[in-house]
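Taking UniProt numbering, the leading residue of the sequence shown gets 1, the next gets one more, and so forth.
Glycine residues also receive a C-beta, built at the ideal position from the N, C-alpha and C atoms.
First the structure, in the form of structure tokens, and then the observations on it.
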Amino acid sequence: MNKPFDVTLDNCHKEPIHIPGSIQPHGYLLLFEPETLILKYCSENVADLMQCSLDALLEQPLDSMFDREFATMVKGLDYSKGFHEVNPQQTTPIAALAQGLNSNTTGPVTDTQAESIKTQSTYNAILSLHDDLLAIELEPALSASSSSFNPVKNLINLSLNDLAQSQDLNNVFAYAVNEIRKVTGFDRVMLYKFDADYNGEVVAEAKKLELNSFLKQHFPESDIPKQARELYVKNPIRLLADVNAKQSMLYPNDRPVDLSKVTLRTVSPIHCQYLRNMGVNASMSISIVVSGKLWGLIACHHYSPHVVPFETREVALYMGLMLSYLISLKVQADAEHRDSAVLSLNASITAKMAERIFFTDGLREETDNLMRVMNASGVAWRLEEDIECFGKTPSPDRIEALFNWATSTKLVTDTIYHTKTLGKDNPDFLDISDVASGVFILSVSSVSNLFLIWFRQEVEQTKDWGGKPEKTIEFLDDGSHRLMPRSSFRLWRENVKNQSLAWEAVELSSALKFRDTIVNYVLSKSERLELLNEALEHKVAVRTDELKKEIANKEKMQDELVEALATSEESNRELERFAFVASHDLQEPLRKIQSFGGRIQQTEATLSDRGHGYLTKMMNSAERMQALIKGVLSFSRIHRSNDEFVPLNFDDIIEDVILDLEVLVTEKKAAFSIDHIGTVFGDKNQLHRVAQNIIQNALKFTKEEVPPHIVIALNDKAEDFVTIEFKDNGVGFSKTHEQKIFGLFERLHSKAEYSGTGLGLAICKKIINRHQGKIWAESRFGQGASFFITLPTNSGAVE
Numbered sequence: 001m002n003k004p005f006d007v008t009l010d011n012c013h014k015e016p017i018h019i020p021g022s023i024q025p026h027g028y029l030l031l032f033e034p035e036t037l038i039l040k041y042c043s044e045n046v047a048d049l050m051q052c053s054l055d056a057l058l059e060q061p062l063d064s065m066f067d068r069e070f071a072t073m074v075k076g077l078d079y080s081k082g083f084h085e086v087n088p089q090q091t092t093p094i095a096a097l098a099q100g101l102n103s104n105t106t107g108p109v110t111d112t113q114a115e116s117i118k119t120q121s122t123y124n125a126i127l128s129l130h131d132d133l134l135a136i137e138l139e140p141a142l143s144a145s146s147s148s149f150n151p152v153k154n155l156i157n158l159s160l161n162d163l164a165q166s167q168d169l170n171n172v173f174a175y176a177v178n179e180i181r182k183v184t185g186f187d188r189v190m191l192y193k194f195d196a197d198y199n200g201e202v203v204a205e206a207k208k209l210e211l212n213s214f215l216k217q218h219f220p221e222s223d224i225p226k227q228a229r230e231l232y233v234k235n236p237i238r239l240l241a242d243v244n245a246k247q248s249m250l251y252p253n254d255r256p257v258d259l260s261k262v263t264l265r266t267v268s269p270i271h272c273q274y275l276r277n278m279g280v281n282a283s284m285s286i287s288i289v290v291s292g293k294l295w296g297l298i299a300c301h302h303y304s305p306h307v308v309p310f311e312t313r314e315v316a317l318y319m320g321l322m323l324s325y326l327i328s329l330k331v332q333a334d335a336e337h338r339d340s341a342v343l344s345l346n347a348s349i350t351a352k353m354a355e356r357i358f359f360t361d362g363l364r365e366e367t368d369n370l371m372r373v374m375n376a377s378g379v380a381w382r383l384e385e386d387i388e389c390f391g392k393t394p395s396p397d398r399i400e401a402l403f404n405w406a407t408s409t410k411l412v413t414d415t416i417y418h419t420k421t422l423g424k425d426n427p428d429f430l431d432i433s434d435v436a437s438g439v440f441i442l443s444v445s446s447v448s449n450l451f452l453i454w455f456r457q458e459v460e461q462t463k464d465w466g467g468k469p470e471k472t473i474e475f476l477d478d479g480s481h482r483l484m485p486r487s488s489f490r491l492w493r494e495n496v497k498n499q500s501l502a503w504e505a506v507e508l509s510s511a512l513k514f515r516d517t518i519v520n521y522v523l524s525k526s527e528r529l530e531l532l533n534e535a536l537e538h539k540v541a542v543r544t545d546e547l548k549k550e551i552a553n554k555e556k557m558q559d560e561l562v563e564a565l566a567t568s569e570e571s572n573r574e575l576e577r578f579a580f581v582a583s584h585d586l587q588e589p590l591r592k593i594q595s596f597g598g599r600i601q602q603t604e605a606t607l608s609d610r611g612h613g614y615l616t617k618m619m620n621s622a623e624r625m626q627a628l629i630k631g632v633l634s635f636s637r638i639h640r641s642n643d644e645f646v647p648l649n650f651d652d653i654i655e656d657v658i659l660d661l662e663v664l665v666t667e668k669k670a671a672f673s674i675d676h677i678g679t680v681f682g683d684k685n686q687l688h689r690v691a692q693n694i695i696q697n698a699l700k701f702t703k704e705e706v707p708p709h710i711v712i713a714l715n716d717k718a719e720d721f722v723t724i725e726f727k728d729n730g731v732g733f734s735k736t737h738e739q740k741i742f743g744l745f746e747r748l749h750s751k752a753e754y755s756g757t758g759l760g761l762a763i764c765k766k767i768i769n770r771h772q773g774k775i776w777a778e779s780r781f782g783q784g785a786s787f788f789i790t791l792p793t794n795s796g797a798v799e
């Protein structure tokens with residue numbers, strides 16, 4: 001039987017909060033045997049849900065309690081894959097189960113029976129596996145009519161990019177608590193960070209304006225005891241909907257049932273009283289786990305009962321996971337930076353020790369680095385006969401007394417002892433707290449009493465606590481007592497003395513490695529050290545050779561890349577020269593063809609109609625050929641333009657282009673809507689050509705009987721660039737051609753439909769590239785087209 005646990009002052013840290021034997025009443029819990037899916041346990045309120053007695057429910061199969069679709073899904077699950085992909089599932093419990101069960105009918109309910117006895121409510125079913133039981137939690141499901149909450153939309157909005165953009169973790173923390181408060185609707189959301197002793201500090205807070213603030217306040221380790229912290233690592237989210245709600249007991253109460261992964265489980269009565277003392281009626285916590293350890297919590301408080309649906313919890317949990325990931329990256333980066341620095345300092349120390357005949361001479365020369373590697377203010381050792389002190393340390397006789405005490409109490413079975421509160425560990429040493437609040441002792445040889453000790457000075461701190469950090473004892477009428485959480489959360493300020501900065505894990509690792517080095521120097525013969533040094537030097541030489549080869553290979557690859565780039569540039573110049581020469585040389589024969597063809601048209605009246613037709617086709621082809629050659633020649637000359645880039649008013653360019661196209665504009669009855677664009681930086685003639693080509697295309701590719709309407713808009717304005725959009729209502733083109741149209745000689749229509757050489761947009765792209773901008777198009781067939789160009793606004797953008 002799961003007996004109630006009486007929490008006392010002596011055993012509060014042992015309270016079995018993972019087996020409370022009950023759940024919160026806003027949901028329901030059913031526990032099935034995983035292999036047979038036979039009901040073994042359930043919360044007492046399931047009887048009301050199923051309209052059936054608890055004894056009648058037990059030992060019944062899952063498919064006699066839920067709709068067929070849900071039962072079939074559960075039967076097909078592979079438990080080894082977890083339940084992340086299936087949670088939650090919507091299901092409808094069968095309310096009139098009692099009729100079938102009480103009449104001794106077993107087996108699944110038919111579809112006809114199910115439809116007649118389903119309840120009106122739909123529930124979210126959340127599955128989890130607990131040792132030998134499959135848990136199904138039921139919570140009322142969100143409906144489209146009852147809530148506008150969209151978990152997918154919120155997950156998209158809570159982008160990792162939004163968080164990662166900030167280099168300051170405090171900004172990330174503030175963003176996270178604000179977003180979680182918006183999503184969950186809690187009155188207060190705090191980010192709670194643990195120190196090495198699991199005291200907490202509120203590092204970010206979002207709250208209603210009228211509430212007092214807990215920001216930067218500290219809370220003692222006892223507020224969240226060890227077993228609660230362990231449970232937070234196993235289950236990253238915990239919800240308490242109403243501290244005053246009557247719990248629903250687990251039935252039957254024949255053994256403890258582990259509810260670690262059940263969100264509906266009840267929480268410790270001590271914690272409920274703690275929240276009542278704060279005036280809090282509902283709470284939710286999300287774990288921040290870094291490297292497998294509880295780094296902190298996102299704590300949510302509400303001052304009235306507050307049920308958070310599964311979908312909302314998932315969004316909040318996702319934010320918690322993102323925070324854990326970003327903090328992990330920051331911690332890892334800091335650790336790598338510290339490791340690198342420590343490694344460099346250790347290398348300097350060991351190298352100096354190796355250079356000297358007596359290694360202690362090298363150690364004396366490296367005392368600054370020896371203190372720096374441990375972030376210490378002083379260091380002392382006895383590696384020969386006498387105690388030697390460097391930096392800020394106690395006197396040799398106090399160091400002797402400290403080592404003797406540590407040897408008899410702390411170093412009996414270990415070779416290291418470290419603390420940040422020496423005066424607390426042994427009040428006899430309070431007199432040296434100013435220079436030795438923190439000590440790190442390495443025992444090098446217990447036989448010869450050889451040691452090395454680092455010291456840290458006292459760091460006085462002022463801590464603001466959210467209430468005095470202590471619990472109280474309430475004595476009952478029968479003479480017994482019970483533990484009560486503190487009832488006051490008023491600001492309580494403490495001046496922390498006789499304490500240094502905490503020793504970090506990287507320092508512990510470094511000290512252990514350094515101890516091995518010292519032991520080797522003390523105990524090893526010089527010949528052995530020489531062999532080790534030779535082996536180390538060989539490895540360094542080999543690695544150095546490898547690095548030299550790698551550097552040489554990279555330099556060679558870089559040289560090849562530079563050479564390839566130069567070859568490519570020369571090839572492009574040759575192609576431009578060829579295009580220029582070819583275009584120029586082809587124009588003379590064409591002029592003769594056009595000249596003689598014109599004479600024939602004027603003088604030869606004897607030509608037949610067919611002959612005149614052939615002659616006309618020849619002249620048209622020659623005209624198209626000349627336009628094409630001019631286009632190629634223009635394309636090749638773009639980068640040869642002698643016009644300098646200057647500040648230009650793009651509005652004037654647009655006005656000039658429309659004036660140049662006045663005849664075509666009038667003929668097409670075109671209308672324009674033009675934004676103020678402002679100043680751009682570039683080649684006036686070339687930008688005029690770009691604008692003219694795009695507008696001319698908009699006037700050319702129009703729908704029949706539909707006057708063109710052209711919109712020229714300022715799409716975006718950044719510090720160095722502007723983006724301009726040319727939008728028309730013409731024939732448009734398929735999305736698949738959005739990139740193709742900027743190629744040389746690319747035409748989307750036949751010559752009979754629309755005239756042109758297929759070079760216009762290719763020339764536009766090359767001009768825009770020369771201006772270090774961008775050009776692209778967006779269109780749908782029959783729905784018009786939009787062309788976008790990005791142009792620099794100052795000389796700095798094109799340097």
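Between the segment 404-420 and the segment 366-379 there are fewer than three inter-stretch CB-CB distances shorter than 8 Å, so the stretches are not counted as touching. Look at W503 here: in three-state DSSP terms it is coil, with no helix or strand label. The residue among A316, A335, D361, H688 with its C-alpha nearest the C-alpha of L648 is H688.
Restricting attention to S80, K727, A347, Y251, the CA atom closest to the CA of H130 is found in S80. L259 is the residue among F358, L259, I237, C52 whose C-alpha sits nearest the C-alpha of I19. In the three-state reduction of the DSSP assignment, V646 falls in the strand class, which pools E and B. DSSP places L508 in the helix class (H, G or I) of the three-state scheme. For the pair C52 and Y251, the CB atoms are not nearer than the 8 Å cut-off. Residue state for Y192 is assigned as strand, using DSSP reduced to three classes. Boundaries of the beta strand (DSSP E) around S248: 248-251. The way I'd put it, the segment 64-83 doesn't touch the segment 278-296; fewer than three beta-carbon pairs between them come closer than 8 Å. Assignment of C272 by DSSP, reduced to helix, strand and coil, places it in the helix class. By the criterion of a C-beta distance shorter than 6 Å, A196 is surrounded in its chain by A502, once the five residues flanking it on both sides are discounted.
About 15 Å separates the Cβ atoms of H302 and V267, ruling out a contact at the 8 Å cut-off. Annotation note: the segment 18-57 contains the following uninterrupted beta strand (DSSP E) runs of length 3 or greater, listed N- to C-terminal: 28-32, 39-43. By the Cβ criterion, the segment 354-367 is not in contact with the segment 316-327, since fewer than three pairs of Cβ atoms, one from each stretch, lie closer than 8 Å.
Residue environment analysis places V690 among the buried positions, since at least 16 neighbouring C-beta atoms fall within 10 angstroms of its C-beta.
The three-state reading of DSSP puts H84 in coil, since its state is none of H, G, I, E or B. The continuous alpha helix (DSSP H) containing E314 extends over residues 310-355.
When secondary structure is reduced to three states using DSSP, G296 falls in the strand class. Just so you know, the alpha carbons of G784 and T616 end up roughly 35 Å apart.
According to the DSSP assignment, S408 belongs to no beta strand (DSSP E) but to the alpha helix (DSSP H) extending over 396-409. Annotation: the continuous alpha helix (DSSP H) that includes K668 extends over 662-668.
About 6 Å separates the beta carbons of L326 and V172, which is inside the 8 Å limit, making them a contact pair. Less than 8 Å separates the beta-carbon of I695 from that of V657. Taking 8 Å as the cut-off, the Cβ atoms of V435 and P396 do not count as close.
DSSP places I286 within a strand segment (E or B) once states are collapsed to three. In the displayed model, G423 falls within a helix according to three-state DSSP. With a contact defined as Cβ atoms closer than 8 Å, F733 and F781 qualify at about 6 Å. Contact between the segment 509-516 and the segment 196-210 is absent: fewer than three C-beta pairs spanning the two stretches fall below 8 Å.
In the three-state scheme derived from DSSP, where H, G and I count as helix and E and B as strand, E139 is classed as strand. Leaving aside the five residues that flank L450 on each side, the residues in its chain whose CB is nearer than 6 Å to its CB run, in chain order, R382, L383, V444. At least 8 Å separates the beta-carbon of L240 from that of A135. Just so you know, the alpha carbons of N693 and G760 end up roughly 6 Å apart. Distance check between S348 and each of E336, T367, A335, Q332 places T367 closest, using alpha-carbon atoms only. Secondary-structure assignment with DSSP links Y417 through a beta bridge to I441.
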